[in-house]
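Quick notes on the structure that follows.
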Amino acid sequence: AMLLDSINDALNENQFKLVFQPKYDIQCDKPTMSSAEVLIRWDHPEFGEVKPDFFIPLFEQNGLIRQLDRYVWRETAKQMHKWRQTYGVNIPFSVNVSRIDIFDNDLIDYLKRTLSEYHIDPKDLHLEITETAYTENVEQIVKVVKELQDAGFKVEMDDFGKGYSSFNMLTTLPLNALKLDIGFIKGIAENNKEMNLLECILEIAKLLNLTVIAEGVENSKQYLLLKNAGCDAIQGYYFSKPLSTKDFESLLKYSC
Ligand code: G
Ligand code: G
Ligand code: G
Ligand code: MN
Ligand code: NA
Numbered sequence: 001a002m003l004l005d006s007i008n009d010a011l012n013e014n015q016f017k018l019v020f021q022p023k024y025d026i027q028c029d030k031p032t033m034s035s036a037e038v039l040i041r042w043d044h045p046e047f048g049e050v051k052p053d054f055f056i057p058l059f060e061q062n063g064l065i066r067q068l069d070r071y072v073w074r075e076t077a078k079q080m081h082k083w084r085q086t087y088g089v090n091i092p093f094s095v096n097v098s099r100i101d102i103f104d105n106d107l108i109d110y111l112k113r114t115l116s117e118y119h120i121d122p123k124d125l126h127l128e129i130t131e132t133a134y135t136e137n138v139e140q141i142v143k144v145v146k147e148l149q150d151a152g153f154k155v156e157m158d159d160f161g162k163g164y165s166s167f168n169m170l171t172t173l174p175l176n177a178l179k180l181d182i183g184f185i186k187g188i189a190e191n192n193k194e195m196n197l198l199e200c201i202l203e204i205a206k207l208l209n210l211t212v213i214a215e216g217v218e219n220s221k222q223y224l225l226l227k228n229a230g231c232d233a234i235q236g237y238y239f240s241k242p243l244s245t246k247d248f249e250s251l252l253k254y255s256c
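All letters in the sequence shown, in the order written, are residues 1 to 256 by the working numbering.
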């Protein structure tokens with residue numbers, strides 16, 4: 001309870017930090033940073049670094065996630081604006097949208113208002129919605145994803161293949177991209193069956209006109225297999241860990 005009571009203090013005292021993990025396009029001569037995922041970190045004065053795996057589920061249970069996600073989206077827009085002005089960087093960023101946010105009636109207006117304050121076009125903010133959100137409340141999610149698309153946002157299905165993936169959802173929802181869960185990637189260099197499965201998924205995604213981003217790519221073997229199999233982009237420790245604002249800024253400077 002103590003951990004949760006302190007969210008307002010935590011927000012006021014800037015205990016939440018954003019980190020940025022680059023995504024690389026791999027279907028070009030040289031891997032090129034095409035985007036970055038924004039992830040939250042909590043430097044708690046008493047408990048030290050608290051992992052999102054731990055506090056996100058708690059915040060989803062007690063409703064505080066709405067406040068936290070809104071904070072992340074606003075800070076992201078602010079940061080994007082700054083980097084555009086300073087470095088002329090125009091890459092899109094992706095943020096996570098909790099399955100709880102799907103029930104927020106003000107979700108789309110909040111996002112639109114916030115982006116327009118910082119002169120960011122909705123097409124440059126990609127929204128990652130985790131796979132489990134799609135299996136829980138089908139009607140609501142279909143409605144919201146359609147509205148997000150109409151408002152110009154790009155929607156990515158996160159953690160695809162982690163749980164009970166619904167292939168039906170792939171055709172029902174107007175998605176832009178699939179993010180393959182790390183579980184799909186882990187074994188591809190050692191196990192033929194896993195590689196075959198991955199190739200099938202890539203084929204399906206191509207037929208459905210979905211961009212595919214592989215998560216959790218940790219070594220050159222996985223990277224090359226994914227590249228040769230036609231995967232569009234990768235994210236993972238092999239190319240970059242999630243970076244602090246300062247470190248990401250250095251990367252931006254270096255790549256312009
Ligand atoms: O960054 P890390 O691998 O520790 O993230 C762990 C989990 O927390 C991931 O499932 C990720 O989607 C989630 N997460 C990270 N940042 C955010 C955020 O800002 N909002 C939400 N809703 N989830 C996040
Ligand atoms: O939102 P999502 O569940 O996709 O969050 C991505 C999570 O995966 C983050 O917590 C991030 O720290 C983690 N991550 C990113 N790259 C790698 C990687 O190469 N290997 C592993 N094990 N985790 C990763
Ligand atoms: O190490 P290897 O020869 O497999 O690298 C293939 C490509 O991957 C190279 O063109 C290089 O630019 C890219 N690459 C390898 N490691 C990294 C890395 O840590 N960061 C980035 N940004 N690119 C990398
Ligand atoms: Mn994500
Ligand atoms: Na994921």
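Cβ atoms here follow ideal geometry from the backbone N, Cα and C, with glycine treated the same way.
Per DSSP, what kind of secondary structure is residue 205 in: helix, strand or coil?
Working through the sequence shown from its first residue, we reach residue 205 at position 205. Three-state DSSP puts residue 205 in a helix.
Residue from 69, 126, 30, 15 with nearest C-alpha to residue 255
Numbered from 1 along the sequence shown, position 255 holds the residue referred to as residue 255. Residue 30 holds the alpha-carbon nearest to the alpha-carbon of residue 255 among 69, 126, 30, 15.
When the Cα atoms are used, what is the spatial distance from residue 149 to residue 51?
Indexing the sequence shown from 1 puts residue 149 at position 149. Indexing the sequence shown from 1 puts residue 51 at position 51. Cα to Cα, residue 149 sits roughly 31 Å from residue 51.
Three CB pairs or more closer than 8 Å across the region 124-132 and the region 95-110:
Enough Cβ pairs lie closer than 8 Å, so yes.
Between residue 218 and ligand 2, is the CB less than 6 Å from at least one heavy atom?
Counting from 1 along the sequence shown, the entry for residue 218 is found at position 218. Yes, the Cβ of residue 218 comes within 6 Å of a heavy atom of ligand 2.
Based on Cα-Cα distance, which residue from 79, 9, 38, 241 lies nearest to residue 119?
In the sequence shown, the residue the question calls residue 119 occupies position 119. That would be 79, whose Cα lies nearest to the Cα of residue 119.
To which residues of the same chain is residue 238 closer than 8 Å at the C-beta, ignoring the five residues directly before and after it?
For this step, residue 238 is matched to residue 238 along the sequence shown. Excluding sequence neighbours, residue 238 sits near 217, 218, 219, 220, 222, 223.
Status (buried if at least 16 other CB within 10 Å, exposed otherwise) for residue 173:
As a working mapping, residue 173 is identified with position 173 in the sequence shown. With a threshold of 16 other beta carbon atoms within 10 Å, residue 173 meets it and is buried.
How far does the alpha helix (DSSP H) with residue 134 in it extend, from its first residue to its last?
As a position in the sequence shown, residue 134 is number 134, starting the count at 1. Membership of residue 134 in the alpha helix (DSSP H) is indicated by the continuous run 131-136.
Opening and closing residue of the beta strand (DSSP E) in which residue 21 lies:
The residue you call residue 21 lines up with position 21 of the sequence shown. Looking at the DSSP string, the run of the beta strand (DSSP E) that includes residue 21 is 16-25.
Opposing strand residues paired with residue 35 [DSSP bridges]
Here the question's residue 35 lines up with position 35 in the sequence shown. According to DSSP, residue 35 bridges with 23.
Pairwise C-alpha distance: residue 192 and residue 112
Translated into the one-based positions of the sequence shown, residue 112 becomes position 112. Translated into the one-based positions of the sequence shown, residue 192 becomes position 192. Those two C-alpha atoms are separated by around 45 Å.
Output needed for residue 24: all residues of its chain with C-beta closer than 7 Å, excluding positions within five of it in sequence on either side, in chain order.
Working through the sequence shown from its first residue, we reach residue 24 at position 24. The beta carbon of residue 24 sits closer than 7 Å to those of 31, 32, 33, 34, 233, 234, 239, all from its chain and outside the five residues before and after it, given in chain order.
Is the beta carbon of residue 188 less than 7 Å from the beta carbon of residue 214?
Walking along the sequence shown from the start, residue 188 turns up at place 188. Walking along the sequence shown from the start, residue 214 turns up at place 214. In this structure, the beta-carbon distance from residue 188 to residue 214 does not fall below 7 Å.
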